[in-house]
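A.B. asks: In the numbering used here, the protein residues as written are 4 to 439. Okay, here's the structure, questions in a sec.
Okay, here's the thing in structure tokens:
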């Protein structure tokens, strides 16, 4: 007994000594469901990498953005792995704030990353962030109401068809709105939707010389169509509705159509949460025949800041969390329907995933329809589909979002909103030195 106790004591001392020499990396991440699940599954990583200890900093989205932006800009060095979005990657990579991910391992299969997603996370052909979860946007609609209206939703509808269908599906007496769209102000709320929509109308934020374009007819057509559609067929108080509010309306059977993030498909088709789960169909985001659809592109991704002293260990973790192996791990624990979507081509070729997610093909087609390097009909000097990848966009996008939300609420006219947007954008771009 004494020998056993002594042996255990020696083992414990050995383990403690090993732990003392383990490399510790700090990971900043967002508090969404997929990321919380990842933290619960990290035993799989630490078993394979016992010399790496993981420390987590889990934050609400807005706080996360603020903390990691401050840290990386000041070279604070608090984090070894950062969760950032498609917006930040090209900006930070060009500032040399991120390390290229060139040590992900021989079996990682970078080429399996969906090209549109990889394109938004790359600069000059180098990957600077690995996608954990990706999305585009598409049309979710009530098949029963579409049939009742005597219409058939095309796989690739036009905006004119959306308007026609919305008019026929609107039934105020029974609380049904023909269409639900984002109206809540914010660069990532109403402007994500409206910027993507404007691409399909031939509009752009800036011309090749960074001159704002809100005084051009394409933006007038975009905003006027949106406001008219929402006034005729949208829900009351639409200027306060973002993703979550419209999700609730759709799940309660109060929307004929909803154009929003592809990840919402799993929520609206979940019988535990949605009253219309068995009645939902999917289609690509609308177009106007100009060669661009009104869908966006986004990914929550893991990146390694240039200031870290633990780059190799950080890349090992990034490789694990965004690998094919990780998707299989989640599927074994939670089922294929709960695998993080939108990152790997092989997932969408997997018959088990296709069976668990009937919206899989339309999601992939939507992601592939977005091109962050050529987002608009006319040439532009920026990348980004539903955003402009420059540092000034967060503030300017929110300002314009407030103006357009006010137009939707009837507090100003479309013309006034566009004029104020043009003035605000011109001031911002002049101050930033973009306009000489």
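Note that CB positions come from ideal geometry on N, CA and C, so glycine has one too. The structure presented is a predicted model; accordingly, all values stated were derived computationally and were not measured.
Using three-state DSSP, classify residue 35 as helix, strand or coil.
C.D. replies: Residue state, collapsed to three classes: coil.
A.B. asks: When DSSP labels each residue in this structure, what does residue 22 get in the three-state scheme?
C.D. replies: Residue placement at residue 22 is poorly supported in this model, since its pLDDT is 48, which falls under 50; the coordinates still yield a value, given next. DSSP places residue 22 in helix when its eight states are reduced to three.
A.B. asks: Within the continuous alpha helix (DSSP H) that includes residue 162, where are the two ends?
C.D. replies: That run of the alpha helix (DSSP H) goes 162-172.
A.B. asks: Please return the same chain residues whose Cβ sits closer than 8 Å to the Cβ of residue 232, not counting the five positions on each side in sequence.
C.D. replies: Excluding residues within five positions, the ones whose Cβ falls inside 8 Å are 165, 166, 169, 182, 184.
A.B. asks: Less than 7 Å separating the beta-carbons of residue 256 and residue 271?
C.D. replies: Not in contact: residue 256 and residue 271 (Cβ atoms no closer than 7 Å).
A.B. asks: Please confirm whether residue 431 has its beta-carbon closer than 7 Å to some beta-carbon of chain B.
C.D. replies: Of the protein chains in this structure there is only one, and it is not chain B.
A.B. asks: State buried or exposed for residue 319, treating a residue as buried only when at least 16 other CB atoms are found within 10 Å of its CB.
C.D. replies: That one is buried.
A.B. asks: May I have the straight-line CA-CA distance separating residue 210 from residue 373, to the nearest angstrom?
C.D. replies: Approximately 20 Å, taken between the alpha carbons.
A.B. asks: Could I get the ranges of all uninterrupted alpha helix (DSSP H) runs contained in the segment 268-343, with 4 residues as the minimum, in chain order?
C.D. replies: Segments of the alpha helix (DSSP H) lying fully in the segment 268-343: 268-271, 314-324, 327-337.
A.B. asks: What is the DSSP secondary structure of residue 129, reduced to helix, strand or coil?
C.D. replies: Looking at residue 129 - three-state DSSP - the assignment turns out to be strand.
A.B. asks: Short of 7 Å in beta carbon distance, which residues of its chain neighbour residue 17, apart from the five on each side in sequence? Order them along the chain.
C.D. replies: Confidence in residue 17 is poor, its pLDDT being 43 and thus under 50, which makes the residue's placement unreliable; the coordinate value appears in the next sentence. Closer than 7 Å at Cβ, skipping near neighbours: no residue.
A.B. asks: Give the DSSP bridge partners of residue 137, in chain order.
C.D. replies: Note: residue 137 sits in a beta bridge opposite 302.
A.B. asks: Starting from residue 100, follow the beta strand (DSSP E) in both directions and report where the run begins and ends.
C.D. replies: Here residue 100 belongs to no beta strand (DSSP E), and DSSP marks it neither H nor E.
A.B. asks: Among 313, 324, 285, 234, which residue has its Cα nearest to the Cα of residue 304?
C.D. replies: Comparing Cα positions, the closest option is 324.
A.B. asks: What number of angstroms, rounded off, separates the C-alpha of residue 180 from the C-alpha of residue 234?
C.D. replies: Rounded to the nearest angstrom, the two C-alpha atoms are 10 Å apart.
A.B. asks: Pair every Cβ in the segment 78-94 with every Cβ in the segment 126-143, then say whether three or more of these pairs are closer than 8 Å.
C.D. replies: A contact exists between the segment 78-94 and the segment 126-143.
A.B. asks: Buried or exposed: which applies to residue 193, given that a residue is buried once 16 or more other Cβ atoms fall within 10 Å of its Cβ?
C.D. replies: Burial call: buried.
A.B. asks: Assign residue 148 to one of three DSSP states: helix, strand, or coil.
C.D. replies: Looking at residue 148 - three-state DSSP - the assignment turns out to be helix.
A.B. asks: Short of 7 Å in beta carbon distance, which residues of its chain neighbour residue 140, apart from the five on each side in sequence? Order them along the chain.
C.D. replies: Counting only Cβ-Cβ distances below 7 Å, and skipping sequence neighbours, we find 199, 262, 263, 264, 265, 288, 298, 299, 369.
A.B. asks: Quick one: give me the first and last residue of the beta strand (DSSP E) that residue 263 is part of.
C.D. replies: Start and end: 258-264.
A.B. asks: I'd like the list of long-range same chain contacts for residue 396, defined as Cβ closer than 7 Å, with 5 residues on each side in sequence excluded.
C.D. replies: Taken in chain order, the residues that qualify are 190, 390.
A.B. asks: Rounded to whole angstroms, what's the CA-CA distance from residue 49 to residue 57? Just pull it up for me.
C.D. replies: Distance between the alpha carbons of residue 49 and residue 57: 8 Å.
A.B. asks: The beta strand (DSSP E) with residue 208 in it runs from where to where?
C.D. replies: Residue 208 -> no beta strand (DSSP E), and no H or E assigned at all.
A.B. asks: Does the segment 408-427 come within contact of the segment 237-244, defined as at least 3 CB pairs closer than 8 Å?
C.D. replies: Flag = yes, the segment 408-427 and the segment 237-244 touch.
A.B. asks: Counting along the chain, where does the alpha helix (DSSP H) carrying residue 222 start and finish?
C.D. replies: Residues 220-236.
A.B. asks: What's the C-alpha gap between residue 160 and residue 142?
C.D. replies: Cα-Cα distance, rounded: 9 Å.
A.B. asks: Distance, Cα to Cα, residue 355 vs residue 332?
C.D. replies: Near 14 Å, if we compare the C-alpha coordinates of residue 332 and residue 355.
A.B. asks: Using 7 Å as the threshold, is the C-beta distance between residue 28 and residue 348 below it?
C.D. replies: Going by C-beta atoms, residue 28 is not nearer than 7 Å to residue 348.
A.B. asks: How about residue 386 and residue 375: do their beta carbons lie closer than 7 Å?
C.D. replies: Yes, these two residues count as a Cβ contact at 7 Å.
A.B. asks: Can you grab the Cα-Cα spacing for the pair residue 30 / residue 104, in whole Å?
C.D. replies: Near 16 Å, if we compare the C-alpha coordinates of residue 104 and residue 30.
A.B. asks: Please classify residue 43 as buried or exposed, where buried requires at least 16 other C-beta atoms within 10 Å of its C-beta.
C.D. replies: By the 10 Å Cβ count, residue 43 comes out exposed.
A.B. asks: With DSSP run on the structure shown, which of helix, strand or coil describes residue 216?
C.D. replies: Three-state result, residue 216: coil.
A.B. asks: What are the start and end residues of the beta strand (DSSP E) that includes residue 86?
C.D. replies: Per DSSP, residue 86 belongs to the beta strand (DSSP E) from 84-88.
A.B. asks: Suppose you measure from the CA of residue 72 to the CA of residue 40; what does that come to, to the nearest Å?
C.D. replies: Taking the straight line from one Cα to the other gives about 24 Å.
A.B. asks: How should residue 201 be labelled, buried or exposed, when 16 other C-beta atoms within 10 angstroms of its C-beta is the threshold for buried?
C.D. replies: When all chains shown are included, residue 201 counts as buried.
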